[in-house]
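When the letters of the sequence shown are read in order and numbered with numbering that gives the first Met the number 0, they come out as residues 0 to 960.
Heads up, the beta-carbon is just placed ideally off N, CA and C, and yes, glycines get one too.
What you are looking at is a predicted structure, and each value in this text was computed from that prediction instead of being measured.
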Amino acid sequence: MAEEKFIRIKGAREHNLKNVDIDIPRDKFVVITGISGSGKSSLAFDTIYAEGQRRYVESLSAYARQFLEQMQKPDVEYIEGLPPTISIEQRAGNPTPRSTVATSTEIYDYLRLLFARIGDPYCCKCKKPISQQTSQQIIDAIMAYPAGTCIVLMAPLARGEKGRHRELFQMVRREGFLKVRVDGEIKDVHEVLALLEDNEGKQTPAKRRKKSFSKKAFLDKNTRHNIEVIVDRITIQPGIKNRIADSVETTLRTGEGMMIASVQKNEHKSEEKLFSQHYACPYCNISIEDLSPRMFSFNSPAGACPVCAGLGTKLELDVDLIIPDPMLSLSAGAVEAWRKVSRRLSMHYYRVLWDFVSAFNVNPDTPFVNLSDNIKEIFLYGADDAAAKKYGAPFEGVMPELQKRFFDTSSDYVKNRILEYMSELPCPKCKGARLKNESLSVLIAGKNIFQVTQMTIEKSLEFLSSLSLAGEQEIIARQILKEITARLEFLRNVGLEYLTLDRKTSTLAGGEAQRIRLASQIGSGLVGVCYVLDEPTIGLHQRDNAKLIGTIRRLKDIGNSVIVVEHDEETINCADYVIDVGPGAGEHGGTIVAQGTPEQLSTLDGSLTVKYLKGELKIEVPKNRRPYDLSNAIEIRGARENNLKNVNVKFPLGVFCCVTGVSGSGKSTLVNDILYKGLMKKFYHSKEKPGEHDKIINTNMVDKVIVIDQSPIGRTPRSNPATYTGVFSEVRNVFAMTKEARMRGYQIGRFSFNIKGGRCEACEGQGTKLIEMHFLPDVYVACEECKGKRYNRETLEIKFKGKNIAEVLDMRADEALDFFQNFPKIVKILSTLTDVGLGYVALGQSSTTLSGGEAQRVKLAAELGKSDTGKTLYILDEPTTGLHFADISKLLKVLNRLVDLGNTVLVIEHNMHMIKCADYIIDLGPEGGERGGEIVAKGSPDEIIRNGKSYTGEFLRQYLT
């Protein structure tokens, strides 16, 4: 039996870890769990991953290290037995619009290779197939005609080109050719040149005009012409192969790879066949370059659409934003872009409007929607010559005028104002396909590469598996298809079969992006690596958990160690080894409270996690649910954005409502893209366009809508929970009101680290300075002037209850709550932070260090700290992300408190502990992608579990019975 190997950690003190010593089994599936802020990520990412990555980078040369981001050595005595580490974190997708599911998994690279090797090119104009041939294939094709067949070999020089082509005929004469065919008529080249000289000879303008009226000139320069040079006339007979070979080579060289063979069928009839060494259409004179992978890349000039440069979209003026309310008349300000401008421009547009209504006989009080289509077209896009002549007045049009102003102005203010009326619209040239027409005209089984990427992962697997290839094509495609299908199967196995390959990674949820990276790692086939994963079950329905766990086990079985930070009960129970960090958060955490196999953990006491796993502690099901009233509800009718199937949905008000369903069933589309954006447009005149739907009814039943998502609360280290929640303004006010501050004349601004006056100017209030080390990791060192406190000496001399402003920022939220217990406004805000389970977070902790779940709860605390009207709609997207069972229990109390005040809480959620506590559930499905988008079940949890079609009901049943 092989000796068990361990990753031995001694004296880990990173962040709140308290000198942790632990042996973690290698080549096992290990789960690290514990309540939020207990130190799980500090152990997994900031210690294990950071040290593994640091060791790898230090093994490289000094030259290579300067190009890589280097990690600080973690605060740990030593780590033994640590393999190379790879982190797959919980972060959103790549923000670049060029990154898609297909490109980030290398599937698109293999698709490009597949289309370049076995794709069939077609003419992008006439849609007929085009092909290329070698000179030997062309010779063999000509030799295949029966003996006695007469063939004329011609080299095309001009096809459908305007001009007299004098220089072309002179070149033909210099090359020694005697005959040419001009527009189907064979002529001597000397005769053609003589006719051209006759047309262009030294004549007076009067004579030339007289001739032009009497007889049309030879080779009219304004007419398109076809010109071929006749290279040889041959008759098929024995012993002629060498002559044919020489003539074909000469013809192809003269025609730049193209040749026409005119085969005499009888005395009056001949048949022409075009041969080409290139991909070229004989009918449209369109040729394409030799097929290569770069021709199908939208990141290369060889393949990218020339108009949008491969983005698939263009920033264009949007009529719906310029005229948001078509029921308004022109006189009432239908053109919003004209209303919200400077006074000078406003007067200018007023004159333009009245010139328009006068010239085109328009009633300015008629609602814009009731104007004729012709008048709308002229008003928006301008009057063409015919319209200007008819109405006797030119008119530039609203859209061209705004576009011209946008490109011509040097004022950033004017540009930004016009930008408000622009949207990312599909490129008018490629219609969102990103590629040139020539690239899109290469097909496999009737599909171009864009059409394949529009398919879901499931559909693309079916399409590629059904390809019928034979001979050379099958041999070429075999290995390429193997690589593509393997990657597609990995994506399907982690529950992402509903995603389309062209889906931008910037639109993916954190869990989806993480599972894509996980699938990519499995595809790489690395062995002997330690993978560190951050909550891979985020955004995953309970139904798909088994697939994900199977994928993680496969990663382990091929010879890797897998360490997962996770709260999901099923994942914990399926692990080989579990480590519970705690017992509390922040200073109260940082120790190992339990470790062992799931079976060993069940025999232990004292761990909060173990108590929940054993059922000693529970998130209780509400004894009395709030009754829902569907007559008191906001209703969406005809929702059909993305995969939604024209559904009608009612969201009852005054209750705790959950929207559930498998991944990709349409939950976020329904709630975020249609409901939220529709209400934002209604209440706050938002410029974001809601998803496609007919209408939203009963919006007057709420007076405010607040969305609380997992996006960062700030993108700079200056943002922190204190500034975001607004409590810092109150704290600064307390310091400004102290006796010493008043004596010195210090105002509230003195205690801000963002403005001059009270902050340390050496570090500009940052508290740290960045030292570039080039070959070593960059180092952040405490500012020598303020010692990391952010403020100057004079400001720090002002104290309240013995603490200065910097010391208050270092306090945890629960400490500050006791410290400021006599200040109701501060207490109200800090109470909400502790209520949502963030009592361990320091007030001045940089927001960039907060996880997605922590950022969401800071936003929730900020909203809870504000006064509400009792008619607010709160929308939360997976608020249980990153939450332990105990934290979910706290969050539920907070959300129920909001509902008890008369508000409505609408949650998109997969966590069954949250779902079982809802008053009303809307379950979408039945599957993801094309097979989703329908309302499978709706009602209370007890009603949902009785619905046999609902996957949610199937798994919810075991939590309620």
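Would the beta-carbon of Ile456 fall within 9 Å of that of Arg111? no
State the DSSP-derived secondary structure class of Lys786, mapped to helix, strand or coil. coil
Delimiting residues of the alpha helix (DSSP H) encompassing His912: Met911 to Ile914
In the structure shown, what three-state DSSP assignment does Tyr497 receive? coil
C-alpha distance - Phe819 paired with Ala735, whole-angstrom precision: 15 Å
DSSP three-state assignment for Ser560, whether helix, strand or coil: strand
Quick one: which unbroken alpha helix (DSSP H) runs of 4-plus residues sit fully inside the segment 816-843? Chain order, please. 823-834
Span of the alpha helix (DSSP H) around Pro24: It is not in any alpha helix (DSSP H) - Pro24 instead sits in the beta strand (DSSP E) that spans Val19 to Pro24.
Would you kindly report the start and end of the unbroken beta strand (DSSP E) that includes Lys610? Not the beta strand (DSSP E): Lys610 falls in the alpha helix (DSSP H), residues Leu607 to Lys613.
Continuous beta strand (DSSP E) stretch holding His224: start and end: Arg223 to Thr234
If I measure Cβ to Cβ from Ile374 and keep anything under 7 Å in the same chain, skipping five residues before and after, which residues do I get? Phe359 and Val361
Is Ser86 helix, strand or coil when you go by DSSP? strand
The segment 531-550 contacting the segment 484-500, beta-carbon criterion three pairs below 8 Å: yes
Integer Cβ distance of Gly932 from Gly665, believed to fall under 8 Å: 4 Å
Kindly indicate which three-state DSSP category Lys703 falls into: helix, strand or coil? strand
Along the chain, where does the alpha helix (DSSP H) that runs through Glu57 open and close? Ala49 to Glu57
Meets three-Cβ-pair contact criterion under 8 Å: the segment 861-877 and the segment 906-918: yes
Is it the case that the Cβ atoms of Ile34 and Gly581 are separated by a distance below 9 Å? yes
DSSP three-state assignment for Cys122, whether helix, strand or coil: coil
To the nearest angstrom, report how far apart Ile229 and Ser409 are at their CA atoms. 59 Å
Could you compute how far the alpha carbon of Asp187 sits from the alpha carbon of Asp197? 15 Å
Assign Met326 to one of two classes, buried (16 or more other C-beta atoms within 10 Å of its C-beta) or exposed (fewer than that). exposed
What does DSSP give as the partner residues of Val441 in its beta bridges? Pro120
Name the residue from Val563, Ala593 and Asn544 whose alpha carbon lies nearest to the alpha carbon of Val531. Val563
How about Ser558 and Asp26: do their beta carbons lie closer than 9 Å? Note on residue identity: the sequence assigns Gly, not Ser, to residue 558. Going by C-beta atoms, Gly558 is nearer than 9 Å to Asp26.
How would you write the range of the alpha helix (DSSP H) that Arg293 sits in, first residue to last? Segment: none, Arg293 is in no alpha helix (DSSP H) and carries neither H nor E.
Three-way DSSP call (helix, strand, coil) for Tyr950 in this model: helix
Residue nearest to Lys39 in terms of C-alpha spacing, selected from Val730, Ala49, Asp289 and Gly589: Gly589
Can you tell me where the alpha helix (DSSP H) with Cys573 in it begins and where it stops? Glu568 to Cys573
Quick check: Ser505 and Ser98, are their CB atoms within less than 9 Å of each other? yes
With 9 Å as the threshold, decide whether the Cβ of Glu691 is near any Cβ in chain B. In the structure shown, chain B does not exist; there is a single protein chain.
Residue span of the beta strand (DSSP E) that contains Glu423, given as start and end: Met421 to Pro425
Count the other C-beta atoms from every protein chain shown that fall within 10 angstroms of the C-beta of Ser60, then say buried if there are 16 or more, exposed otherwise. exposed
Contact belief for Leu67 with Ile6 at Cβ below 8 Å, rounded distance in angstroms: Actually they do not touch by this definition, with Cβ atoms about 23 Å apart.
Can you tell me the Cα-Cα spacing of Asn436 and Val318, whole angstroms? 28 Å
Anticipated Cβ contact below 8 Å, Phe884 with Ile618, distance rounded: 6 Å
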